[in-house]
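Participant: In our numbering, the protein residues as written are 23 to 464.
Sharing a structure, written as structure tokens. Questions coming.
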């Protein structure tokens with residue numbers, strides 16, 4: 023029996039209505055059910071696979087026989103986390119973030135759990151009002167402030183508190199970490215009265231999204247090639263990785279033609295970071311707040327930990343040392359310019375940084391004007407970087423804090439001159455090319 027089109031459409035609407043009310047169950051083998059399963063797997067499958075691999079790594083014993091298997095599992099986790107950070111295909115790219123424009127000579131981000139004193143610290147250091155209350159998640163967006171310290175301007179960002187699982191997108195964790203990636207320094211604010219596990223949790227969340235705290239890039243040269251296979255060389259003895267494990271990791275990434283050179287005894291994680299190529303190496307200072315509610319023995323123990331400093335926003339304790347520690351970690355260099363036959367200008371220094379260009383004479387010239395490098399003959403330097411005062415330096419000379427620099431330009435020859443004081447001759451260099459005079463009349 024063939025039903026008219028009108029009755030077929032009514033049946034379809036009735037079927038979908040029953041399906042919406044959950045009065046009809048779809049078999050698992052139907053195409054509709056299969057499409058739903060595929061979409062849910064794409065959404066939550068990556069996180070579940072990461073947890074499965076982490077559970078397998080926890081079950082596996084660490085010995086000589088399992089190091090190759092563990093290396094492959096680490097490479098799989100790194101690939102999945104990179105896919106987790108990528109935006110979905112077909113999206114416009116504009117996310118719901120709270121990125122602010124860079125301002126000043128450096129940027130510092132405050133990261134920590136809720137209600138640890140980040141907003142209070144921003145208010146005390148910059149004077150910018152940031153709402154602080156006794157409940158969690160008071161700050162819901164990024165609040166910028168400016169620190170005026172040593173004739174420089176440092177931008178301080180108060181970010182919302184992050185929770186465990188922020189690398190997977192919980193609690194706007196991805197937006198917070200994205201702002202931290204663009205910073206020159208991270209201040210991890212911790213509560214001194216709580217457990218030490220908060221520091222490990224935050225460090226793990228930041229490392230899961232590609233941030234490497236207080237580490238330097240590994241000395242590994244890696245370059246993909248089109249042909250030629252894998253070329254493996256080393257200039258230092260390797261004790262934590264070997265050639266076979268490198269081949270297996272490259273095979274996991276489907277790389278069959280590459281050039282690899284180890285210049286130090288690196289680990290498997292370092293090699294994976296080099297292959298990924300999207301890691302951010304940033305300095306971090308662990309700031310323990312609320313030391314006024316703990317004992318002196320706990321304060322002494324926390325202060326002796328590496329890259330740590332203890333403060334109290336309530337009693338305004340040790341804030342000056344925090345600013346000095348920020349200055350040292352950022353490595354800002356103030357350079358004063360000296361015009362010829364004049365006194366140096368100590369009012370507005372040129373601020374250089376190793377993370378933002380460099381600290382050489384060439385970088386100083388680029389800060390003044392981009393054409394000054396071509397016109398420079400030599401530089402006169404006064405300060406701690408000079409061996410004697412003044413020292414004649416070239417473009418590659420490294421400057422230090424509070425140096426005074428005078429740029430001497432090249433002298434430009436004029437086209438004309440006066441009488442016998444003419445600057446140069448217009449005659450050709452070779453005698454044969456000179457114009458011959460007419461012979462004298464006899």
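Note that CB positions come from ideal geometry on N, CA and C, so glycine has one too.
Between residue 302 and residue 364, what straight-line distance do the alpha-carbon atoms span, to the nearest angstrom?
Facilitator: 43 Å
Participant: Under a three-way DSSP split, which group does residue 280 fall into?
Facilitator: strand
Participant: Hey, how far is the Cα of residue 196 from the Cα of residue 86?
Facilitator: Residue 196 and residue 86: Cα-Cα distance of roughly 37 Å.
Participant: Since residue 421 and residue 373 are thought to touch, with beta carbons under 8 Å apart, how far apart are those beta carbons, to the nearest angstrom?
Facilitator: About 11 Å separates the two Cβ atoms, so there is no contact after all.
Participant: DSSP three-state label for residue 174, please.
Facilitator: In the displayed model, residue 174 falls within a strand according to three-state DSSP.
Participant: Per DSSP, what are the beta-bridge partners of residue 372 in this structure?
Facilitator: 357
Participant: Thinking residue 279 and residue 256 are a contact (beta carbons under 8 Å), I'd like their distance in whole angstroms, please.
Facilitator: Contact doesn't hold; Cβ gap of about 19 Å is too wide.
Participant: May I ask you to verify whether the stretch 311 to 323 touches the stretch 282 to 297, counting CB pairs closer than 8 Å and requiring at least 3?
Facilitator: Contact between the stretch 311 to 323 and the stretch 282 to 297 is absent: fewer than three C-beta pairs spanning the two stretches fall below 8 Å.
Participant: Buried or exposed: residue 338, going by 16 or more other Cβ atoms within 10 Å of its Cβ?
Facilitator: exposed
Participant: Cα separation between residue 490 and residue 427?
Facilitator: This structure cannot speak to residue 490, because the chain is shown only from 23 to 464.
Participant: Just how far apart, CA to CA, sit residue 413 and residue 80?
Facilitator: 60 Å
Participant: Would DSSP call residue 256 helix, strand or coil?
Facilitator: strand
Participant: My output table needs one value for residue 289: the three-state DSSP class, helix, strand or coil.
Facilitator: coil
Participant: Which residues in the same chain as residue 394 place their Cβ atom closer than 6 Å to its Cβ, once the five residues preceding and following it in sequence are excluded?
Facilitator: 387
Participant: Does the structure place the stretch 213 to 231 close enough to the stretch 126 to 140 that three or more beta carbon pairs sit under 8 Å?
Facilitator: The answer is yes - the stretch 213 to 231 touches the stretch 126 to 140, with three or more Cβ pairs under 8 Å.
Participant: Spatial neighbours of residue 181 within its chain, please: CB distance less than 8 Å, with the 5 preceding and 5 following residues excluded, ordered by chain position.
Facilitator: 131, 132, 133, 140, 161, 164, 198, 201, 202
Participant: With a floor of 4 residues, list each alpha helix (DSSP H) that falls wholly inside the stretch 115 to 150, ordered by position along the chain.
Facilitator: 140 to 148
Participant: Return the Cβ separation of residue 357 and residue 371 in integer angstroms, given the expectation that the two are a contact with Cβ distance under 8 Å.
Facilitator: About 6 Å; that satisfies the 8 Å criterion.
Participant: Can you tell me whether residue 346 is buried or exposed, with buried defined as 16 or more other CB within 10 angstroms of its CB?
Facilitator: exposed
Participant: Among residues of its own chain, excluding the 5 on either side of residue 247, which ones have a beta-carbon nearer than 7 Å to its beta-carbon?
Facilitator: 279, 280, 281
Participant: Where do the N-terminal and C-terminal ends of the alpha helix (DSSP H) with residue 395 fall, by residue?
Facilitator: Unbroken alpha helix (DSSP H) run through residue 395: 394 to 397.
Participant: Is it right to say residue 368 is buried, meaning 16 or more other beta carbons lie within 10 angstroms of its own, or is it exposed?
Facilitator: exposed
Participant: So is the beta-carbon of residue 281 under 7 Å away from any non-hydrogen atom of the ligand NAD?
Facilitator: Of ligands this structure carries none, so the ligand NAD is not represented either.
Participant: Measure the C-alpha to C-alpha separation of residue 170 and residue 101 and round it to an integer number of angstroms.
Facilitator: 42 Å
Participant: Cα-Cα, which of 385, 351, 144, 82 is closest to residue 235?
Facilitator: 351
Participant: In the DSSP assignment, the alpha helix (DSSP H) including residue 387 goes from what residue to what residue?
Facilitator: 383 to 390
Participant: Per DSSP, what are the beta-bridge partners of residue 401 in this structure?
Facilitator: 415, 429
Participant: Whose CA, out of 272, 177, 265, 305, lies closest to the CA of residue 228?
Facilitator: Looking at the Cα atoms, 305 is the closest of the given residues.
Participant: If I measure Cβ to Cβ from residue 300 and keep anything under 8 Å in the same chain, skipping five residues before and after, which residues do I get?
Facilitator: 104, 232
Participant: Per DSSP, residue 165 is paired with what?
Facilitator: DSSP, once it has assigned bridges, lists 180 as partnering residue 165.
Participant: Go ahead and pull the three-state DSSP assignment for residue 338.
Facilitator: coil
Participant: Within 10 angstroms of its Cβ, does residue 308 collect 16 or more other Cβ (buried), or is it exposed?
Facilitator: Taking all protein chains shown into account, residue 308 has 16 or more neighbouring C-beta atoms within 10 Å of its C-beta and is therefore buried.
Participant: Taking 7 Å as the limit between beta carbons, can you name the residues of its chain near residue 83, skipping five residues before and five after?
Facilitator: none
Participant: Kindly give me the distance between the Cβ atoms of residue 213 and residue 340, rounded to whole angstroms, as I take these residues to be in contact under 8 Å.
Facilitator: Going by Cβ atoms, the distance from residue 213 to residue 340 rounds to 16 Å, so no, they are not a contact pair.
Participant: Could you have a look at residue 462 and say whether DSSP puts it in helix, strand or coil?
Facilitator: The answer is coil: DSSP assigns residue 462 none of H, G, I, E or B.
Participant: Taking a contact to mean a Cβ-Cβ separation below 8 Å, would you say residue 98 touches residue 274 in this structure?
Facilitator: yes
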